[in-house]
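**Q**
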Amino acid sequence: MRRKLAAGNWKMNGISASLTELESLATVHANAGVDILICPPATLIHRAAETTKDTGIRIGGQDCHANAAGAHTGDIGAQMLKDAGATAVIVGHSERREDHDERNEDVRAKAKAAIDAGLTALICLGESLAQREAANTLDIIAGQMSGSIPDLATGENMVIAYEPIWAIGTGKVPTLEQIGEVHDFIRTRLERRFGEGVGRSIRLLYGGSVKPANAAEIFAVPNVDGALVGGASLKTADFSPIISALE
Ligand code: PEP
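Dropping the structure here:
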């Protein structure tokens, strides 16, 4: 049985004052029946982990370097995230793929570095609008899966988020059928590659304009084990009903 997961990606948002959102989140959802992961900017990871200590709410990074350490000014290694209190890290978010020209092989190396450091790698996949309109979605997802997912994946060390690029921050959401088609496709390929046991244990999140108003219907789609939420994770007033829809 896969445990549901509500993950929040704060992106480049959040200063010290934002930690009050975590305090209020913990007030309502401490030791919830679902997993909760918040990925604040790196500057807040340590304090966020302290703020959520003993609440069951986990803290993650938004990216890590593929190398463990070294001459990489401005970058952060997976072990450093762990040391700061993170238990997971997002890799391959479409904004990183686009803004930093990250390719599947980079994402795979980062995911491996995360897993080697003892973190859960939350790997993002998703097609552009042009790719969807050209009916290439499943081919794109297949290529991203074989290119970005390392061989040592398990249900504990890896989570996959299907995030159609055209749905991120736009208010546009695929139909429930479209979400279901991609999630079923990912599940089948995971089972084929890693065997039924491991393939069935890896959690699949949907991401892209998830809001309190659409969360419940998305969570009812088979093979949707939760959500990766951007904008609506910043305020507890928005994120809390999404978590509740998963419980
Ligand atoms: C995201 O950044 O991963 C995301 C899904 O953003 P939003 O929920 O704002 O569309």
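For the working numbering, add 1 to where a residue sits in the sequence shown, where the first one is 1.
From the three backbone atoms N, C-alpha and C, an ideal C-beta is built for every residue, glycine too.
Are the stretch 74–88 and the stretch 125–142 touching, with three or more C-beta to C-beta distances below 8 Å?
**A** Not touching, per the Cβ criterion.
**Q** Which complete alpha helix (DSSP H) runs does the stretch 103–135 hold, if anything under 4 residues is left out?
**A** You should have 105–117 and 130–134.
**Q** For N14, is the beta carbon positioned less than 7 Å from some heavy atom of the ligand PEP?
**A** Not under cutoff, so the answer is no.
**Q** Considering Cα atoms alone, identify which of K54, T56, D117 and R109 is closest to M81.
**A** Checking every option, the nearest Cα to that of M81 belongs to D117.
**Q** Just checking H94 against the ligand PEP - is the residue's beta carbon closer than 7 Å to any of the ligand's heavy atoms?
**A** Yes, Cβ of H94 sits closer than 7 Å to a heavy atom of the ligand PEP.
**Q** Cα-Cα, which of A18, R3 and E22 is closest to G9?
**A** Among A18, R3 and E22, the Cα nearest to that of G9 is on E22.
**Q** Is the Cβ-Cβ distance between V211 and I180 less than 8 Å?
**A** No. Outside cutoff.
**Q** From L177 to E218, what distance separates their C-alpha atoms?
**A** Spanning the two alpha carbons is a distance of roughly 8 Å.
**Q** When the distance is taken between beta carbons, is E164 closer than 8 Å to L229?
**A** Yes, the Cβ-Cβ distance between L229 and E164 is below 8 Å.
**Q** Would you decide whether E111 is buried or exposed? Buried here means 16 or more other CB atoms lie within 10 Å of its CB.
**A** It is worth fixing the name first, because residue 111 is Lys in this sequence and not Glu. The residue in question, K111, is buried, as its Cβ has 16 or more Cβ neighbours within 10 Å.
**Q** Would the beta-carbon of L6 fall within 8 Å of that of L206?
**A** A contact, by the Cβ cut-off of 8 Å.
**Q** Helix or strand or just coil, what does DSSP make of I58?
**A** Looking at I58 - three-state DSSP - the assignment turns out to be strand.
**Q** Count the other CB atoms within 10 Å of the CB of M2; is the residue buried (16 or more) or exposed (fewer)?
**A** The residue is exposed, with fewer than 16 neighbouring Cβ atoms inside 10 Å.
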